[in-house]
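Enquirer: Chains W and U are the protein sequences, given in the same order. Each residue of the first sequence is one higher than the last, beginning at 397 in the working numbering. Each residue of the second sequence is one higher than the last, beginning at 365 in the working numbering. A virtual CB, placed ideally from N, CA and C, is assigned to each residue, including glycine.
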Amino acid sequence: MWKNVHVVELVVFAVLFVAVSAMGFVAARWRRPATMEHLDEWGLGGRNFGSWITWFLIGGDLYTAYTFVAVPALVFGAGALGFYAVPYTIILYPIFFLILIRLWSVSHKHRLVTPADFVRVRFGSPTLALLVAITGIVATMPYIALQLVGIEAVLKTIGLTGDSTVARHLPIIIAFAILAAYTYQSGLRAPALIAFVKDSLIYVVILAAIIILPTKLGGWDGIFSAADAKFQASANPADGVLLNANNQLQYISLALGSALALFLYPHSVTGVLASKNRNVIKRNMSALPAYSLLLGLLALLGFAAIAAKVTPLPGTKAPDTNTVVPLLFQGQFPAWFAGVAFAAIGIGALVPAAIMSIAAANLFTRNIYREYLNKEATPAQEAKVSKITSLVVKVGALLCIILLDPQFSIDLQLIGGVIILQTLPSVAIGLFTRWFHKGALIAGWVAGMAFGMWMLYNVSNATRDHFAGSNFPLSKLGFDTKMTIYAGLVAVVANLVVAALGTVLLRAFKVADGTDGTARPDYFVDEDEPQGAATPTEAAVA
Amino acid sequence: MGEPAPPAPDPAGDRSPWNWLLIIPIVVPLIPALFNAIEPKLFGFPLFYWLQLAFIVLGVTTTTVVYQMTKRRGAASGGDR
Numbered sequence: 397m398w399k400n401v402h403v404v405e406l407v408v409f410a411v412l413f414v415a416v417s418a419m420g421f422v423a424a425r426w427r428r429p430a431t432m433e434h435l436d437e438w439g440l441g442g443r444n445f446g447s448w449i450t451w452f453l454i455g456g457d458l459y460t461a462y463t464f465v466a467v468p469a470l471v472f473g474a475g476a477l478g479f480y481a482v483p484y485t486i487i488l489y490p491i492f493f494l495i496l497i498r499l500w501s502v503s504h505k506h507r508l509v510t511p512a513d514f515v516r517v518r519f520g521s522p523t524l525a526l527l528v529a530i531t532g533i534v535a536t537m538p539y540i541a542l543q544l545v546g547i548e549a550v551l552k553t554i555g556l557t558g559d560s561t562v563a564r565h566l567p568i569i570i571a572f573a574i575l576a577a578y579t580y581q582s583g584l585r586a587p588a589l590i591a592f593v594k595d596s597l598i599y600v601v602i603l604a605a606i607i608i609l610p611t612k613l614g615g616w617d618g619i620f621s622a623a624d625a626k627f628q629a630s631a632n633p634a635d636g637v638l639l640n641a642n643n644q645l646q647y648i649s650l651a652l653g654s655a656l657a658l659f660l661y662p663h664s665v666t667g668v669l670a671s672k673n674r675n676v677i678k679r680n681m682s683a684l685p686a687y688s689l690l691l692g693l694l695a696l697l698g699f700a701a702i703a704a705k706v707t708p709l710p711g712t713k714a715p716d717t718n719t720v721v722p723l724l725f726q727g728q729f730p731a732w733f734a735g736v737a738f739a740a741i742g743i744g745a746l747v748p749a750a751i752m753s754i755a756a757a758n759l760f761t762r763n764i765y766r767e768y769l770n771k772e773a774t775p776a777q778e779a780k781v782s783k784i785t786s787l788v789v790k791v792g793a794l795l796c797i798i799l800l801d802p803q804f805s806i807d808l809q810l811i812g813g814v815i816i817l818q819t820l821p822s823v824a825i826g827l828f829t830r831w832f833h834k835g836a837l838i839a840g841w842v843a844g845m846a847f848g849m850w851m852l853y854n855v856s857n858a859t860r861d862h863f864a865g866s867n868f869p870l871s872k873l874g875f876d877t878k879m880t881i882y883a884g885l886v887a888v889v890a891n892l893v894v895a896a897l898g899t900v901l902l903r904a905f906k907v908a909d910g911t912d913g914t915a916r917p918d919y920f921v922d923e924d925e926p927q928g929a930a931t932p933t934e935a936a937v938a
Numbered sequence: 365m366g367e368p369a370p371p372a373p374d375p376a377g378d379r380s381p382w383n384w385l386l387i388i389p390i391v392v393p394l395i396p397a398l399f400n401a402i403e404p405k406l407f408g409f410p411l412f413y414w415l416q417l418a419f420i421v422l423g424v425t426t427t428t429v430v431y432q433m434t435k436r437r438g439a440a441s442g443g444d445r
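1) Would you kindly check if the distance between the Cβ of residue 682(W) and the Cβ of residue 424(U) is under 8 angstroms?
2) Using three-state DSSP, classify residue 880(W) as helix, strand or coil.
3) Please confirm if residue 932(W) has its CB atom under 8 angstroms from at least one CB of chain U.
4) Please tell me whether residue 593(W) has its Cβ less than 8 angstroms away from any Cβ of chain U.
5) Rounded C-beta distance between residue 413(W) and residue 741(W)? I'm assuming under 8 angstroms.
6) Would residue 831(W) count as contacting chain U if we go by Cβ distances under 8 angstroms?
7) Quick one, which of 841(W), 670(W) and 701(W) has its alpha-carbon nearest residue 444(W)'s?
8) Decide if residue 519(W) is buried, meaning its Cβ has at least 16 other Cβ atoms within 10 Å, or exposed.
9) Considering just the uninterrupted stretch of the beta strand (DSSP E) at residue 708(W), what are its terminal residues?
10) Name the chain W residues that come within less than 7 angstroms of residue 386(U), Cβ to Cβ?
11) Given that residue 459(W) touches chain U, what residues does it touch there, using C-beta distances under 7 angstroms?
12) Assuming residue 405(W) and residue 735(W) form a contact by the criterion Cβ under 8 angstroms, report the distance between their Cβ atoms to the nearest whole angstrom.
13) Answer with yes or no whether the minimum CB distance from residue 441(U) to chain W is below 8 angstroms.
14) Name the chain U residues that come within less than 9 angstroms of residue 644(W), Cβ to Cβ?
15) Can you tell me which of the three DSSP states residue 868(W) falls into?
16) Exposed or buried, which one is residue 938(W) when buried takes at least 16 other CB atoms within 10 Å?
17) Beta carbon of residue 685(W), beta carbon of residue 394(U): below 8 angstroms?
18) So residue 467(W) and residue 481(W) are in contact, right, with Cβ under 8 angstroms, and what is the actual spacing, rounded?
19) Tell me, to the nearest whole angstrom, how far the beta carbon of residue 594(W) is from that of residue 744(W); I am working on the premise that it is less than 8 angstroms.
20) Can you tell me which of 526(W), 420(W), 423(W) and 450(W) puts its alpha carbon nearest to the alpha carbon of residue 823(W)?
21) What are the residues of the region 675-695 of chain W that lie near chain U, defined by any Cβ-Cβ distance shorter than 7 angstroms?
22) Helix, strand or coil for residue 475(W) per DSSP?
23) List, in order along the chain, the chain U residues whose C-beta lies closer than 7 angstroms to that of residue 617(W)?
24) Where does residue 629(W) land, buried or exposed, given buried means 16+ other C-beta within 10 angstroms?
25) Between residue 534(W) and residue 649(W), what straight-line distance do the alpha-carbon atoms span, to the nearest angstrom?
26) Leaving out the 5 sequence neighbours to the left and right, which residues in its chain are closer than 6 angstroms to residue 635(W) when beta-carbon positions are compared?
27) For residue 393(U), would you say it is in contact with chain W, using Cβ-to-Cβ distances shorter than 8 angstroms as the test?
28) Counting only beta-carbon atoms, is residue 381(U) nearer than 8 angstroms to chain W?
29) The alpha helix (DSSP H) spanning residue 833(W) covers which residue range?
30) Are there three or more Cβ pairs, one per stretch, closer than 8 angstroms when the region 769-780 of chain W is compared with the region 588-605 of chain W?
31) Starting from the N-terminal side, write out each stretch of the beta strand (DSSP E) that is 3 residues or longer and does not extend beyond the region 756-816 of chain W.
32) Are the CB atoms of residue 639(W) and residue 401(U) within a distance shorter than 8 angstroms?
33) For residue 406(U), which beta-bridge partners are listed by DSSP?
34) Please confirm if residue 389(U) has its CB atom under 8 angstroms from at least one CB of chain W.
35) Touching or not, the region 789-798 of chain W and the region 863-873 of chain W, by the rule of three or more beta carbon pairs under 8 angstroms?
36) Starting from the beta carbon of residue 647(W), find every residue of chain U whose beta carbon is closer than 7 angstroms, and list them in chain order.
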């Protein structure tokens with residue numbers, strides 16, 4: 397069924413993959429709790445991870461396999477614009493530092509597991525919490541699917557591809573079945589343990605690539621001139637080794653919008669809530685940028701691929717640029733080392749995919765199952781429901797890849813970023829102020845969603861009429877300019893305006909607001925301070 | 365509803381003037397005028413690339429300073445494993 401398979405690469409890849417999977421199963425015994433039948437254990441690893449584990453876990457969580465193939469692919473295709481990942485991951489941490497620390501404290505105090513739990517207790521509104529939960533689940537699914545796109549880029553390069561559906565998808569189904577099984581058994585402990593291996597591999601591979609590749613490709617000077625020559629020759633006005641007047645706003649709004657979106661994703665919150673105290677989080681905010689350096693260097697491999705004259709493998713319609721980095725390794729390094737690099741990407745997909753499915757499952761359990769289906773759920777029932785939901789979520793992501801064009805998953809992910817941003821007013825701003833009225837937040841969410849979708853629908857390029865990116869042309873809002881801007885950021889501004897006006901109106905008409913179940917000191921508590929009622933929802937309702 | 369816990373002993377919460385320092389690494393990387401140029405090059409890297417990579421160091425430095433200045437002393441801090 398598979399011809400032209402690169403055997404050495406495949407063997408190295410498979411051996412490392414299997415070894416890591418075994419670790420995933422053993423992880424259930426690591427720092428073994430009295431019982432796994434509790435969401436704090438299965439879903440948050442016991443809420444007790446120290447600085448090192450948190451560093452690997454959050455690093456493995458935020459810097460996904462997809463990032464590792466897609467960012468260089470973007471740099472390969474568009475040049476400077478693709479480098480937005482660097483400012484994005486720089487401004488991320490100061491923002492995390494200020495916001496997530498408060499979320500950790502209030503979650504510790506009230507035993508919260510998800511961002512929607514927080515909204516529930518803060519605004520006393522199950523409806524608003526439901527909206528936040530659904531937004532999180534919907535935004536996370538295509539993100540998981542993209543991890544599969546990352547693995548597929550590698551498998552394709554190894555040669556595990558073909559015309560039939562089975563030939564193309566069987567390896568990924570096997571990989572995902574293994575992932576689903578050990579996540580089911582070990583919960584968050586599995587990705588936490590695997591992240592050590594994944595990140596060590598990634599660091600070794602990237603450092604080797606950054607040191608060796610320039611010597612083969614005429615130094616960095618040569619690499620940048622090759623890239624410049626390619627972009628000069630291309631017809632696309634938006635590409636180049638520098639930004640131009642029309643895409644600078646896009647660059648910074650995309651960096652800012654992506655940073656604001658990232659900590660709203662449920663899987664980021666899961667990683668943070670699993671750490672044991674405030675200092676662990678703060679310390680990590682200054683240590684995590686080590687990954688940003690890695691990502692920045694990796695992005696430059698997109699230029700190295702231009703200099704090495706890499707031609708991407710064919711995709712369903714256009715060439716699949718996600719194969720650029722795998723092909724670069726295949727062409728420039730011995731087969732065994734390419735195998736190690738591929739394993740790093742493959743395993744790199746498993747860590748975030750596991751955390752994301754756990755986070756989505758927790759949202760379902762806490763904010764849908766417990767809120768609407770079984771109000772008396774015991775911790776054991778919650779853990780059980782989450783475990784099963786994590787399987788469902790993974791099957792859903794798998795179906796996305798098998799049934800839909802991969803391009804469609806990428807589009808969905810783009811939409812995911814825009815919609816998750818619409819939870820900013822209730823989750824992030826809610827951590828600082830209770831000023832907004834719950835009804836106005838719901839109205840703002842609706843407005844932001846609608847406006848965001850409308851903008852994405854109206855983004856076109858040479859080959860596609862709709863949903864062709866997130867770079868919304870300001871001319872469509874009546875501005876006389878060719879500048880584009882990240883649609884998500886504009887949508888969240890609209891959301892905030894509606895929420896603010898709505899709050900003023902609802903207050904003027906004295907419409908009843910929800911009860912705030914939190915108190916100001918809750919946002920500063922640390923590990924040694926007492927935890928409040930185990931059931932925040934009841935506290936808020938009673 | 366249940367009465368909230370008595371006020372924490374630290375009424376100032378986590379406010380600290382040091383936090384303002386975090387504005388720098390949020391704002392500086394978002395000013396393309398600072399880095400959108402080829403010259404001066406460094407080790408073959410155009411300014412656009414090496415300066416933005418250097419901003420990572422700026423981010424690390426400021427967050428480290430703020431962490432050191434705002435961390436809770438005496439508590440079972442850090443939690444190295």
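Expert: This is what the structure gives:
1) The answer is yes: Cβ separation under 8 angstroms.
2) Look at residue 880(W) here: in three-state DSSP terms it is strand.
3) Low local confidence applies: a pLDDT of 42 at residue 932(W) is under 50, so the model's placement there is unreliable, and no value is given.
4) Answer no: the Cβ-Cβ gap between residue 593(W) and chain U never drops below 8 angstroms.
5) So it is not a contact: roughly 11 angstroms between Cβ atoms.
6) So no, residue 831(W) is outside the interface.
7) When the alpha-carbon of residue 444(W) is set against those of 841(W), 670(W) and 701(W), the nearest one is in 670(W).
8) Residue 519(W) sits buried, since 16 or more C-beta atoms from the chains shown fall within 10 Å of its C-beta.
9) Residue 708(W) -> no beta strand (DSSP E), and no H or E assigned at all.
10) Residues of chain W passing the Cβ test: 490, 493 and 494.
11) Within chain U, no residue comes near residue 459(W); the closest Cβ sits about 13 angstroms away, beyond 7 angstroms.
12) Confirmed, Cβ separation roughly 4 angstroms.
13) Its pLDDT being 41, under 50, residue 441(U) is placed unreliably in this model, and the value from its coordinates should be taken loosely. For residue 441(U), the answer is yes, since a Cβ of chain W falls inside 8 angstroms of its Cβ.
14) Within 9 angstroms Cβ-Cβ: 396, 397 and 400.
15) Assignment of residue 868(W) by DSSP, reduced to helix, strand and coil, places it in the strand class.
16) Unreliable placement is indicated for residue 938(W), whose pLDDT of 34 sits below 50; the coordinate value is still reported in the next sentence. Classified as exposed, residue 938(W) has fewer than 16 neighbouring CB atoms from the shown chains inside 10 Å of its CB.
17) Inclusion of residue 685(W) and residue 394(U) in the CB contact set at 8 angstroms is not warranted, their separation being larger than that value.
18) Residue 467(W) to residue 481(W), Cβ: 5 angstroms. Contact.
19) Confirmed, about 5 angstroms.
20) Per the Cα distances, 526(W).
21) Flagged, chain order: 675, 676, 678, 679, 681, 682, 685, 688, 689 and 692.
22) The three-state secondary structure of residue 475(W), taken from DSSP, is strand.
23) Simply 408.
24) Around the beta carbon of residue 629(W), fewer than 16 other beta carbons sit within 10 angstroms, so the residue counts as exposed.
25) One C-alpha to the other measures close to 23 angstroms.
26) Hits under 6 angstroms: 474, 475 and 627.
27) Closer than 8 angstroms: yes.
28) For residue 381(U), the answer is no, since every Cβ of chain W falls outside 8 angstroms of its Cβ.
29) Membership of residue 833(W) in any alpha helix (DSSP H) is not indicated, and neither H nor E is assigned to it by DSSP.
30) Output reads no: the region 588-605 of chain W does not touch the region 769-780 of chain W.
31) Uninterrupted beta strand (DSSP E) stretches at least 3 residues long and entirely within the region 756-816 of chain W do not occur.
32) No. Outside cutoff.
33) When beta bridges are read from the DSSP output, residue 406(U) appears opposite 409(U).
34) By this cut-off, residue 389(U) is an interface position.
35) No: the two stretches stay apart, fewer than three of their Cβ pairs being nearer than 8 angstroms.
36) Under the 7 angstroms cutoff, chain U gives 396.
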